[in-house]
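So the structure is just underneath, and the comments pick up after that.
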Amino acid sequence: MARRATVGARELKTRLGGYLQQVRQGRTLVITDRGEPVAELKPLHGAGTEDAKLERLKALGVVTRLENRPLAPFRAVRSHGPSVADAIVEDRDDRV
């Protein structure tokens, strides 16, 4: 997808939601009135939201989304020392 696109004011008004989604994904829109550029609509803070950045990386094949696949089975590990709670209490006793 090009980083910059041109759209007429009437088209923008008709399909505002779709164009806002494109802006969220980092695209800049030049808005025209009767063919003359009059405004620019672009993401705040440069490249958009974190979600938009992730969507761009996903589109490039850099990252993939975990689609409700189960995680690997959890295996409990036994500790051979004080419990975490005991360690916290001991640490806090030094400050009281």
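Using the working numbering, you'd call the opening residue of the sequence shown number 5 and step up by one each time.
Ideal Cβ positions, reconstructed from N, Cα and C, are used throughout, including at glycine.
Among the options, whose alpha-carbon lies nearest the alpha-carbon of residue i?
i, options, result
"L70", "V81, L58, R79, A80", "L58"
"V34", "D98, T68, S87, L16", "L16"
"L61", "A43, R19, S83, G30", "G30"
"G12", "R28, V42, Q26", "V42"
"E40", "H84, S87, R14, D98", "R14"
What would DSSP say about residue i, mapped onto helix, strand or coil?
i, result
"G12", "strand"
"T36", "strand"
"L45", "strand"
"V81", "coil"
"T68", "coil"
"Q29", "coil"
"L75", "coil"
"R19", "coil"
"R7", "coil"
"D90", "helix"
Give the straight-line distance between the Cα atoms of residue i and residue j, rounded to the nearest whole angstrom.
i, j, result
"R38", "P74", "53 Å"
"R8", "A63", "17 Å"
"A89", "P77", "25 Å"
"L20", "V93", "56 Å"
"T10", "N72", "38 Å"
"D97", "L24", "54 Å"
Go through its chain and collect everything with a Cβ distance to residue i's Cβ below 6 Å, but skip five positions before and after it.
i, result
"L68", "Going by the sequence as given, residue 68 is Thr instead of Leu. Cβ within range, chain order: n/a, list empty."
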